[in-house]
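If you use this note's numbering, the sequence shown corresponds to residues 3 to 98, in order. Don't be surprised by glycine CBs; every beta carbon is placed ideally from N, CA and C. All values derive from a computational prediction rather than experimental measurement.
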Amino acid sequence: MDFSDAIQNRNLVAFNYDGHPRVVVPAAFGLHATTGNEVLRGYQVDGSGNSRPVPFWDLFLTEKMSKVEILDGQFIEDPPHYSRNDKHIDPIRAQL
């Protein structure tokens, strides 16, 4: 799935990852700078995770996502501590 539209339209994204349901504010999408894997930088605002309570930032491998859905809900503000030009993503296909 291409997350560029979700980022441009400021839509929340839901998916399962490592067996956990997650709702994420998508911030940047592209290829991992080192491995070339497709990744999404996101701020998880709902659901659960492996080791920490929400909210938190993470870099998600798209190949590990399932049941991906772009939600109707939109976000207005950029997530806390967001900075453009993520050094872990190169090239960046879309970003806030």
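| Item | Value |
| --- | --- |
| By how many angstroms is the C-alpha of residue 4 removed from the C-alpha of residue 95? | 9 Å |
| Leaving out five residues before and five after residue 69 in sequence, what residues of the same chain have Cβ atoms less than 7 Å from its Cβ? | 17, 18 |
| For residue 83, I'd like the list of residues in its chain whose CB is within less than 8 Å of its CB, leaving aside the five on either flank, ordered along the chain. | 59 |
| State the Cα-Cα distance for the pair residue 9 and residue 15, rounded to the nearest angstrom. | 9 Å |
| Please state the DSSP three-state secondary structure of residue 52. | coil |
| State the CB to CB distance for the pair residue 26 and residue 44, rounded to an integer number of angstroms; the pair is presumed to be in contact (CB under 8 Å). | 4 Å |
| To test your reading of the DSSP string, which unbroken beta strand (DSSP E) runs of 3 or more residues are found completely within the segment 58-89? | 58-63, 67-76 |
| Using the Cβ count rule (16 or more neighbours within 10 Å means buried), how would you classify residue 91? | buried |
| Over what stretch of residues does the alpha helix (DSSP H) that includes residue 106 continue unbroken? | Since the first and last residues shown for the chain are 3 and 98, residue 106 lies out of range. |
| Over the uninterrupted beta strand (DSSP E) stretch that includes residue 92, give me the two end residues. | 91-97 |
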